[in-house]
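Letter 131 of the sequence shown, counting from 1, is numbered 118 in my numbering, and no numbers are missing.
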Amino acid sequence: MEPPHPTATGNLPNVQMVFLTARPALFAETLAHVRHGLPFIDEVIAICPERTREAVAAIDDPALLVLTDEAIAGDAGSVAGLDHTSRNYRLRTTMLEHDAIASQFVMADDDNRPLRVLGPDIFVDDRGRYRNYWFYELSRWRRTLTPMDQGLTNAMLVLQRHGIREPLAYASHMPQIMDRDLFREVAATVA
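Next up, the structure:
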């Protein structure tokens, strides 16, 4: 199934970028890079632990909305004790139910920084199709040492179970354009 296409080919109207962060100083630096390198980003949402909310909210950006892990995932203990990969997955899937998350958005980590000025064509091609970036063929992933390794292995097993013969890893530490409804469908299938 192809995602719904933006109404303007090659353009993304009202582009929202969503970050997970627990590092306010690093995120402030990243946001400055984003504002310079991705001038088409209209709104930024930062999802952070309650303990860092005040510092993240103090970042000077009028289009920054700060949500807490607890507001996204429910009670404070639901993500606090999870490993990094599990925490991120839980937050990325539960945030889809929050009213602030747009139907199309760019998802990124707090250390994803553009190295030069880019246009929206980094995320949408000239025919209006999403460009997603992958970094590895999951069937070739052999590492098992970290929670990320286990997450990639689990993703491969789920994709193969659903008939994807050559599953690819999109955890390339590259911002990705997302369709909220398709992401919800995937999360429900995985759950």
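Where is the CB? At the ideal position from N, CA and C, for every residue including glycine.
Since we're looking at a predicted model, the values are computed, not measured.
Which residues DSSP lists as bridging residue i, in chain order
i, result
"E30", "Q3"
"I164", "V93"
"T55", "C35"
"L155", "E124"
"Y76", "None, per the DSSP bridge assignment."
Beta-carbon contacts of residue i that lie in its chain and below 7 angstroms, excluding the five residues immediately before and after
i, result
"L25", "P101, L105"
"V53", "A33, C35, R40, V43, A44"
Residue i, buried or exposed, once every other Cβ within 10 Å from all chains shown has been counted against 16
i, result
"P49", "exposed"
"I59", "buried"
"F122", "exposed"
"T17", "buried"
"I151", "exposed"
Cβ neighbours of residue i in the same chain (closer than 6 angstroms, five flanking residues each side left out)
i, result
"A42", "P11"
Within 8 angstroms, strictly: CB atoms of residue i and residue j
i, j, result
"T80", "A174", "yes"
"A19", "P36", "no"
"L7", "L78", "yes"
"W128", "A156", "yes"
"D97", "F14", "yes"
Check: Taking one C-beta from the stretch 26 to 35 and one from the stretch 79 to 96 each time, how about it: are there three or more such pairs within less than 8 angstroms?
Finding: yes
Next item on the list: Decide yes or no for the touch test of the stretch 123 to 137 against the stretch 161 to 170: beta carbon pairs closer than 8 angstroms, at least 3 of them.
Entry: no
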